[in-house]
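Sequential numbering of the sequence shown, starting at 342, is according to this note's numbering. So the structure is just underneath, and the comments pick up after that.
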Amino acid sequence: MICLETEYFVISKPLLKAIGLWPYQQSALIWFQVILFSGILATVIIFQLTTFVTSKCTTNFVIKILSNAFFFLTLLTKYTSFRLHINVIKDLLTQLQDTCNQITEPNEIAIIRKYGYNARRYTSIFRTFFLSTVPITIIGQVLPNIFHSVLSNNESRPHNLQITMEYFIDQQKYFYFILFHLNTAICIGIITTAAVGSTFIAYFQYACGMFMIASFRIENAMENNKLQDINNKHFILIGLSRAVEMHRQAVKLCDLLICRFETMYFCLIVFGVICLSLNLLQIFQTKESGEIQEFVLSIVLVAVCGFYMFVANLVGQDITDHNDEIYVTVYNVQWYKAPLHIQKIILFLLQRGVKSFTLTIGGLFDASFECFATLVKASVSYFTVLYSTR
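Below, the structure is given as structure tokens:
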């Protein structure tokens, strides 16, 4: 028997537990942790926006603040949305486990295990990429202050943060408390991105496995030796019905993941495009002004946003391709040798395949490579407009 939690969610599980998002943890202590972490992320955004109260709001300054604020807004959106729908995640994991328990044919078990290992491999890459940005960001903030202290020859120099914030207190006196608050928010946000992203990748990979099992069942049902034996009509019908049922479950899983989290996905798309555009502009501004720390920070944020967009659309393209593969399989089987009533079922399956199944967000975005190109193009276009109007 396949145990999803212990075999294939072993990577994302400790990350989800660390930030209070594991669906089987519902204690009062976990709720306190969730409120605390949400508050930390929210206050980092607020204290960035409060700089507009005490500073002169030039165009460059507004872009500098918003380029970071929108990034933290995407982190807060992921964290709160995932927590609000934690029961949906739990129910989907239960449904997926029940589906795996019903798979008993060795070849089908091999297929689902293959996609389980794919999920582990993809989530490992995803986790490694995002968690590697944590030390880069933190060290980038701490090292300059250490160098200033060592090279200042006992001269007092003001501490600086890469991310401008306003706490309405003496920020030099409480600098390390502020730095701790900011770095804690970065750690929570990046772990959230890695954990939530890994979980969704795993779910959609299992959906791909279910699509492949449906294809396998169609091929198995329509084997040539079965079609030639008139006594196999009943077994062919059972095989096709089991294939249709597996396809239905895969589509249902994808639809639930999109329907329940559609608002989150839509907000992430909008915030991601804005964040990418502003940080592209910030790269050029900091390059011209020679601010190396902020230049590196903007590059990191562009890389994170771009990578997340690419992976999300890669997953969507993968789902579409696997669904289309079912109808390629239906088209290639020797349906013309089957009895007439079975040919009608095959015709029905072919008609269903006329329109591709896509992960559609808000009726506007179909997750695919084309969508990724559109989002990048939109981000570059907004950046070009902003850069030309400086």
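In this text, a Cβ means the ideal position worked out from N, Cα and C, and glycines have one as well. Everything numeric in this text was worked out from a predicted model, so none of it was measured.
If we count the other Cβ atoms within 10 Å of its Cβ and call it buried at 16 or more, is residue 667 buried or exposed?
-> As a first step, residue 667 must be located in the sequence shown, where it is residue number 326. Counting C-beta atoms within 10 angstroms of its own C-beta, residue 667 has 16 or more neighbours from the protein chains shown and is therefore classed as buried.
Quick one: give me the first and last residue of the alpha helix (DSSP H) that residue 551 is part of.
-> What you label residue 551 is simply residue 210 of the sequence shown in a count that begins at 1. DSSP places residue 551 in the uninterrupted alpha helix (DSSP H) bounded by 516 to 562.
With respect to the alpha helix (DSSP H) encompassing residue 596, which residues constitute its N-terminal and C-terminal limits?
-> Working through the sequence shown from its first residue, we reach residue 596 at position 255. Going by DSSP, residue 596 is part of the alpha helix (DSSP H) stretching over 574 to 601.
Starting from residue 736 and walking both ways along the alpha helix (DSSP H), at which residues does that stretch end?
-> The first residue shown for the chain is 342 and the last is 731, placing residue 736 beyond what the model contains.
Would you list the one or two residues that DSSP bridges to residue 707?
-> For the purposes of this step, residue 707 is taken as residue 366 along the sequence shown, with counting starting at 1. The partner list for residue 707 (beta bridge, DSSP) reads 701.
What's the call for residue 534, buried or exposed, on a 16-neighbour Cβ count within 10 Å?
-> Mapped onto the sequence shown, residue 534 falls at position 193. The residue in question, residue 534, is buried, as its Cβ has 16 or more Cβ neighbours within 10 Å.
Taking the continuous alpha helix (DSSP H) assigned at residue 365, which residues delimit it?
-> The sequence position of residue 365 within the sequence shown is 24, counting from 1. Here residue 365 belongs to no alpha helix (DSSP H), and DSSP marks it neither H nor E.
Nearest neighbour of residue 562, chosen from 550, 549, 578 [CA to CA] = Counted from its first residue, the sequence shown places residue 562 at position 221. Check the Cα spacing between residue 562 and each of 550, 549, 578: the tightest is with 578.
When the Cβ atoms of the stretch 638 to 656 are set against those of the stretch 432 to 450, are three or more pairs found closer than 8 Å?
-> Fewer than three Cβ pairs drawn from the stretch 638 to 656 and the stretch 432 to 450 lie within less than 8 Å of each other, which leaves the two stretches out of contact.
Ordered along the chain, which non-local residues of its own chain (more than five positions away) have a Cβ less than 7 Å from that of residue 475?
-> Taking the first residue of the sequence shown as position 1, residue 475 is located at position 134. Within the same chain, residue 475 has close Cβ partners 527, 528, 531.
What number of angstroms, rounded off, separates the C-alpha of residue 686 from the C-alpha of residue 692?
-> Walking along the sequence shown from the start, residue 686 turns up at place 345. Walking along the sequence shown from the start, residue 692 turns up at place 351. If I take the Cα positions, the gap works out to 10 Å.
Just checking, does the stretch 616 to 625 make contact with the stretch 449 to 457 on the three C-beta pairs under 8 Å criterion?
-> Contact between the stretch 616 to 625 and the stretch 449 to 457 is absent, because fewer than three Cβ pairs lie under 8 Å.
The stretch 379 to 390 in contact with the stretch 710 to 724 per 3-pair CB rule at 8 Å | The stretch 379 to 390, when compared against the stretch 710 to 724, does not touch it at the 8 Å Cβ threshold.
Shortest alpha-carbon distance to residue 551 belongs to which of 659, 473, 654?
-> For this step, residue 551 is matched to residue 210 along the sequence shown. Nearest C-alpha to residue 551: 659.
Would you kindly work out how many angstroms separate the C-alpha atoms of residue 672 and residue 560, rounded to a whole number?
-> Here residue 672 corresponds to residue number 331 of the sequence shown, with the count starting at 1. Here residue 560 corresponds to residue number 219 of the sequence shown, with the count starting at 1. One C-alpha to the other measures close to 11 Å.
Is there contact here, the stretch 536 to 545 with the stretch 349 to 369, by at least three beta-carbon pairs under 8 Å?
-> Verdict: yes, contact present.
Rounded to a whole number of angstroms, what is the C-alpha to C-alpha distance between residue 409 and residue 630?
-> Within the sequence shown, the letter at position 68 stands for residue 409. Within the sequence shown, the letter at position 289 stands for residue 630. Cα-Cα distance, rounded: 18 Å.
Going by C-alpha distance, which of 520, 653, 470, 373 is nearest residue 503?
-> Position 162 of the sequence shown, counted from the start, is the residue given in the question as residue 503. Measuring C-alpha to C-alpha distances from residue 503 to each of 520, 653, 470, 373 identifies 520 as the nearest.
Can you tell me where the alpha helix (DSSP H) with residue 640 in it begins and where it stops?
-> As a first step, residue 640 is located in the sequence shown; it is residue number 299 there, counting from the start. Residue 640 -> alpha helix (DSSP H) spans 633 to 673.
For the alpha helix (DSSP H) holding residue 696, just list the boundary residues, first then last.
-> Taking the first residue of the sequence shown as 1, we reach residue 696 at position 355. Annotation: residue 696 is outside any alpha helix (DSSP H) and is labelled neither H nor E by DSSP.
Measure how close the beta-carbons of residue 720 and residue 618 come, nearest whole angstrom, since I'm counting them as under 8 Å.
-> One-based indexing of the sequence shown puts residue 720 at position 379. One-based indexing of the sequence shown puts residue 618 at position 277. For residue 720 against residue 618, the beta-carbon gap comes to about 5 Å, under 8 Å, which counts as contact.
Inter-residue Cα distance where the pair is residue 416 and residue 525 = Locating residue 416 in the sequence shown gives position 75, counting from the first residue. Locating residue 525 in the sequence shown gives position 184, counting from the first residue. Roughly 13 Å between the two C-alpha positions.
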